[in-house]
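Visitor: One structure, as C-alpha cells, below. Some questions next.
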Amino acid sequence: MKTYNNIIQSKFKEMKKSILTVLGIVVATLSILASDGQNVLTVVIKNVQGSDGLLEVTLFDSEGNWLKEGQKQKVSIDSGTDVKVEFKNLPKGAYAVAVIHDANANGELDTGSFGIPTEAYGFSNNARGMFGPADFDESQFELNGNKQIEINIK
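Sequential numbering of the sequence shown, starting at 7, is according to my numbering.
This is how it looks when you write it as C-alpha cells:
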C-alpha cells in the first residue's frame, strides 16, 4: 500500500519529467529560430579605382524594393585594396546587392550624356543591364547561411 508521502513523491517526479521535456522543446525551438536570423553576408568590392569619395553598398531583399529601398552602408575607400562590407543577422532568402562608387560623395550616381554613369557601379552576380541597371532577377542569389560574394565595379 502506498503512503501519502510516496504518492506525492511519485507525482512530483512525473511533473518534473514533464517540465524538463517542455523546457527542452522550448530551448530547441528558440535555437532554431535564432539561427535563422544569424546569417552574415560579406560583400567584397573589387576594381575600386582611387580613394576619393565613398562606396555605397545596398542590400535588397525583393524585386519590389529593388534600387528603391534597402539596407545601405557607406564606407570609405583605401586605394589599391578590395573593400569588404558585412550585413549581419540576415534571415535566409533571396537577396541582391548594388554598389556605387560615389567618387565626389554627393550621394548619387552621376551621369553624363544620354544618362550614362560617370561613376563606377556594379551588381551582385556581376550582372549588367543592357540600357540601364541590371534586373533583380539577374542580380539575386540565395542566402542559406554565411556567404561571401564578389562584385567587380566598372
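Ideal placement from N, C-alpha and C gives every residue a C-beta, glycine not left out.
To which residues of the same chain is Glu92 closer than 8 Å at the C-beta, ignoring the five residues directly before and after it?
Guide: As a first step, residue 92 must be located in the sequence shown, where it is residue number 86. Cβ neighbours of Glu92 beyond the five flanking positions: Val46, Leu47, Thr48 and Val49.
Visitor: At the level of alpha carbons, what is the spacing between Ile25 and Ile14?
Guide: Indexing the sequence shown from 1 puts residue 25 at position 19. Indexing the sequence shown from 1 puts residue 14 at position 8. Straight-line Cα distance between these residues: approximately 16 Å.
Visitor: Quick one: what's got a C-beta closer than 7 Å to Val89's C-beta in the same chain, skipping five residues either side?
Guide: Here residue 89 is taken as the residue at index 83 of the sequence shown, counted from 1. Contacts found: Ile51, Val54, Leu61, Val81 and Ile83.
Visitor: Along the chain, where does the beta strand (DSSP E) containing Leu108 start, and where does it finish?
Guide: If you number the sequence shown from 1, residue 108 lands on position 102. Residue identity differs from the one stated: residue 108 is Asp in this sequence, not Leu. Note, Asp108: beta strand (DSSP E), Gly99 to Asp108.
Visitor: For Phe147, which of Asn71, Ala100, Lys22 and Gln154 has the nearest alpha-carbon?
Guide: Here the question's residue 147 lines up with position 141 in the sequence shown. Nearest C-alpha to Phe147: Ala100.
Visitor: State buried or exposed for Thr9, treating a residue as buried only when at least 16 other CB atoms are found within 10 Å of its CB.
Guide: By one-based count along the sequence shown, residue 9 stands at place 3. It is exposed - the Cβ of Thr9 has fewer than 16 other Cβ atoms within 10 Å.
Visitor: From the DSSP secondary-structure annotation, give me the bridge partner or partners of Ile155.
Guide: Against the sequence shown, residue 155 aligns to sequence position 149. DSSP lists Val49 as partners of Ile155.
Visitor: Between the Cα of Gly151 and those of Gly59, Lys98, Ser68 and Glu75, spot the shortest distance and give me the residue it belongs to.
Guide: Position 145 of the sequence shown, counting from 1, holds the residue named residue 151. Considering only alpha carbons, the answer is Lys98.
Visitor: When DSSP builds the beta bridges, which residues end up paired with Lys90?
Guide: Along the sequence shown, read from residue 1 onward, the residue named residue 90 stands at position 84. DSSP output for Lys90 lists Val50 as bridge partner(s).
Visitor: Does the Cβ of Ala111 have 16 or more other Cβ atoms within 10 Å, making it buried, or fewer, making it exposed?
Guide: Residue mapping note: residue 111 aligns to position 105 of the sequence shown, counting from 1. The residue is exposed, with fewer than 16 neighbouring Cβ atoms inside 10 Å.
Visitor: List the DSSP bridge partners of Thr64.
Guide: In the sequence shown, counting from the first residue as 1, residue 64 sits at position 58. According to DSSP, which records beta bridges pairwise, Thr64 is partnered with Lys78 and Ala104.
Visitor: For Gly70, which of helix, strand or coil comes out of DSSP?
Guide: Within the sequence shown, the letter at position 64 stands for residue 70. In this structure, Gly70 counts as helix in the three-state DSSP scheme.
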